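Novice:
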Amino acid sequence: MRKIGLITAVGLCSILLFSCKHGAEVKDDTMGKTFKDAFKDKFYIGVAINRRQALQKNEKETTLIKQYFNSISPENDLKWENIHPSQGIYNFDPADSYVKTGTESDMFIIGHTLVWHSQTPDWVFTDEQENLLTREELLKRMKDHIDTVVSRYKGKIKGWDVVNEALNEDGSLRDSKWRTIIGDDYIEKAFEFAHAADPEAELYYNDYNLYKTEKRSGAIKIVNSLKEKGIPIKAVGEQGHYNLDRASLQDIEATIQDFIKAGVNVNFTELDISVLPEANADATADVANSEIYKEELNPYADGLPTEVENRLAQRYGSIFKLFVKYEKHIDRITFWGLSDADTWLNNWPVRGRTNYPLPFNRDYTLKKEVAKAILDTAK
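With mature numbering (1 follows the signal peptide of the UniProt record, and there is no 0) applied, the sequence shown covers -23 to -1, 1 to 356.
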């Protein structure tokens, strides 16, 4: 890799404003390469996009997505409650727009997610009298959903998060309705159905906090069970919802090493680094968590101090250095959101906070030191 210079924040801002005003591609001759270009020989650099971005409503957003990333994930539009809200009723239009955005730029398109305990409508698990379904009935609904959705995007969506967040923090299986009704093998069945619907698609298990030994052991059990039965799984996704301190480099490296030993690659699928105080001691990424707003939990409402941004840059640089070290076993790094304006961390687990976890600021300019720290690791 040739040495990568760094454009000044002012210069980049001017370039972005000009390019987006005129609908042109961002030209960045001083920096030389964007994220996707810098790491193109190592792994995909992805971004999760929301419905507005999938519909390409904002030229500035569209420009950045196409310029900086070569993989996309859908924030919500392929989750069951959005794409299959009622029995027999599918809402494909948003997902179709999402896939169209990716195919237009020859991106590696991710499907997220087929089976999850959250954002799945209650009707999925009950009959017309609201009684819980039998194992056979729920398996049929799972298969019909997976067949319909995966087959529609066969050959376009290249990788699927088949099962999402099936584990408790101690590595045991979560008592979701999927498990309660079907049994522990609901995970295997979901992978079987997805593979049958598109044999060429990569299949993943996705979860958070896999840097914790106990939870990672549970994920490895899932991988081993699938592999023992000859059911394909290409990689495990560690979501990577970290902060400035939580998840040591040693733990992240152990995560990579352990999944390599288990015979799968490891992707970092929802990467963001919170700069705000922890709202609770659980340190999980469970979307059901909710905490009361307190001013001390929102210390940077008026802007991110330089010293904190520098810490964020150092953190990103250290983590990406580790990614590069294991590039042969990592297929994709995906930021969970395009900019600080889009991050779910503004409202989770405390609504109304101002967080700064991503490389792009709210005005879509790059955080200068964060960008430099990430790009320097690609040299």
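Glycine residues also receive a C-beta, built at the ideal position from the N, C-alpha and C atoms. All of these numbers come straight from a predicted model, not from anything done at the bench.
In chain order, what are the residue ranges of uninterrupted alpha helix (DSSP H) at least 4 long that sit wholly in the region 186 to 267?
Specialist: 190 to 205 and 226 to 238
Novice: If I'm right that Y333 touches D308 with Cβ under 8 Å, what's the distance once you round it to whole angstroms?
Specialist: Within the sequence shown, the letter at position 356 stands for residue 333. Within the sequence shown, the letter at position 331 stands for residue 308. Actually they are not in contact, since the Cβ atoms of Y333 and D308 sit about 27 Å apart, beyond 8 Å.
Novice: Once you ignore the five residues that flank T354 on each side, which residues in its own chain have a CB closer than 7 Å to its CB?
Specialist: If you number the sequence shown from 1, residue 354 lands on position 377. G294, F297, K298 and V301, listed in sequence order.
Novice: If contact is defined by three or more beta carbon pairs under 8 Å, each pair taking one atom from either stretch, is the region 79 to 89 in contact with the region 129 to 144?
Specialist: yes
Novice: Which partner residues does V24 have in the DSSP bridge list?
Specialist: The sequence position of residue 24 within the sequence shown is 47, counting from 1. I49 and F312, per the DSSP bridge assignment.
Novice: Are at least three pairs of beta-carbons, each pair with one atom in the region 204 to 211 and one in the region 179 to 189, less than 8 Å apart?
Specialist: yes
Novice: Does K345 come out as helix, strand or coil in the three-state DSSP assignment?
Specialist: For the purposes of this step, residue 345 is taken as the residue at position 368 of the sequence shown. Three-state result, K345: helix.
Novice: Can you have a look at G(-1) and say buried or exposed, based on whether 16 or more other CB atoms are within 10 angstroms of its CB?
Specialist: Working through the sequence shown from its first residue, we reach residue -1 at position 23. Low per-residue confidence applies at G(-1): pLDDT is 38, beneath 50, and the placement is therefore not dependable, though the value from the model is reported in the following sentence. Looking at its Cβ environment, which holds fewer than 16 other Cβ atoms inside 10 Å, G(-1) is exposed.
Novice: Helix, strand or coil for H89? Go by DSSP, reduced to three states.
Specialist: Numbered from its first residue, the sequence shown carries residue 89 at position 112. Annotated three-state conformation of H89 is strand, per DSSP.
Novice: Helix, strand or coil, according to DSSP, for I60 in the structure here?
Specialist: Residue mapping note: residue 60 aligns to position 83 of the sequence shown, counting from 1. If DSSP states are grouped into helix, strand and coil, I60 belongs with the helices.
Novice: Would you give the residue range spanned by the beta strand (DSSP E) that K302 belongs to?
Specialist: Here residue 302 refers to the residue found at position 325 of the sequence shown. Per DSSP, K302 belongs to no beta strand (DSSP E); it is in the alpha helix (DSSP H), T283 to K302.
Novice: Do three or more CB pairs link the region 69 to 87 to the region 41 to 50 at distances below 8 Å?
Specialist: yes
Novice: Nearest to D235 by CA position, among L248, S194, V264 and D263, is which residue?
Specialist: The residue given as residue 235 occupies position 258 in the sequence shown. Of L248, S194, V264 and D263, the residue nearest in Cα terms is S194.
Novice: Between which two residues does the alpha helix (DSSP H) harbouring G136 extend?
Specialist: Counting from 1 along the sequence shown, the entry for residue 136 is found at position 159. Run containing G136: none in the alpha helix (DSSP H); it sits in the beta strand (DSSP E), I134 to N141.
Novice: Once DSSP output is grouped into helix, strand and coil, what is the label at F12?
Specialist: Counting from 1 along the sequence shown, the entry for residue 12 is found at position 35. Helix, per DSSP.
Novice: Using the Cα positions of L315 and A25, report the straight-line distance between them to the nearest angstrom.
Specialist: Position 338 of the sequence shown, counted from the start, is the residue given in the question as residue 315. Position 48 of the sequence shown, counted from the start, is the residue given in the question as residue 25. Taking the straight line joining both Cα atoms gives about 7 Å.
Novice: Can you grab the Cα-Cα spacing for the pair G280 / W100, in whole Å?
Specialist: Here residue 280 refers to the residue found at position 303 when the sequence shown is read from its first residue. Here residue 100 refers to the residue found at position 123 when the sequence shown is read from its first residue. Near 44 Å, if we compare the C-alpha coordinates of W100 and G280.
Novice: Select from K305, S48, D259 and T342 the residue whose C-alpha is nearest the C-alpha of N145.
Specialist: Against the sequence shown, residue 145 aligns to sequence position 168. It is D259 whose Cα lies nearest to the Cα of N145.
Novice: Per DSSP, Y181 is paired with what?
Specialist: For the purposes of this step, residue 181 is identified with residue 204 of the sequence shown, where counting begins at 1. According to DSSP, which records beta bridges pairwise, Y181 is partnered with D138 and A212.
Novice: For F69, does the three-state DSSP call read helix, strand or coil?
Specialist: If you number the sequence shown from 1, residue 69 lands on position 92. Of the three classes helix, strand and coil, the one that applies to F69 here is coil, per DSSP.
Novice: Hey, how far is the Cα of T246 from the Cα of L32?
Specialist: In the sequence shown, counting from the first residue as 1, residue 246 sits at position 269. In the sequence shown, counting from the first residue as 1, residue 32 sits at position 55. Going from the Cα of T246 to the Cα of L32 covers about 22 Å.
Novice: So for T78, helix, strand or coil by DSSP?
Specialist: Within the sequence shown, numbered from 1, the residue matching residue 78 stands at position 101. Note: T78 maps to helix in three-state DSSP.
Novice: Taking the continuous alpha helix (DSSP H) assigned at T157, which residues delimit it?
Specialist: Mapped onto the sequence shown, residue 157 falls at position 180. Start and end: K154 to I159.
Novice: Taking Cβ positions, are D249 and L322 nearer each other than 9 Å?
Specialist: Here residue 249 refers to the residue found at position 272 when the sequence shown is read from its first residue. Here residue 322 refers to the residue found at position 345 when the sequence shown is read from its first residue. A contact, by the Cβ cut-off of 9 Å.
Novice: Using the C-alpha atoms, what's the distance from A212 back to I237?
Specialist: Mapped onto the sequence shown, residue 237 falls at position 260. Mapped onto the sequence shown, residue 212 falls at position 235. Rounded to the nearest whole angstrom, the CA to CA distance from I237 to A212 is 9 Å.
Novice: Based on DSSP bridge pairs, tell me the residues matched to T103.
Specialist: As a working note, residue 103 is residue 126 in the sequence shown. Paired residue(s): L109.
Novice: Tell me where the alpha helix (DSSP H) around H94 begins and ends.
Specialist: Indexing the sequence shown from 1 puts residue 94 at position 117. Note, H94: premise wrong, no alpha helix (DSSP H); not H, not E.
Novice: With respect to the alpha helix (DSSP H) encompassing Y163, which residues constitute its N-terminal and C-terminal limits?
Specialist: Residue mapping note: residue 163 aligns to position 186 of the sequence shown, counting from 1. It spans Y163 to A174 - the alpha helix (DSSP H) in which Y163 sits, taken as one unbroken run.
Novice: Between G148 and the rest of its own chain, which residues show a CB-CB distance below 6 Å, the 5 nearest in sequence each way excluded?
Specialist: Locating residue 148 in the sequence shown gives position 171, where the first residue counts as 1. Excluding sequence neighbours, G148 sits near E191, K192, S194 and G195.
Novice: If you drop the 5 nearest sequence neighbours on each side, which residues of the same chain put their C-beta closer than 6 Å to that of K56?
Specialist: By 1-based counting over the sequence shown, the position of residue 56 is 79. So the list reads Q96, once near-sequence residues are dropped.
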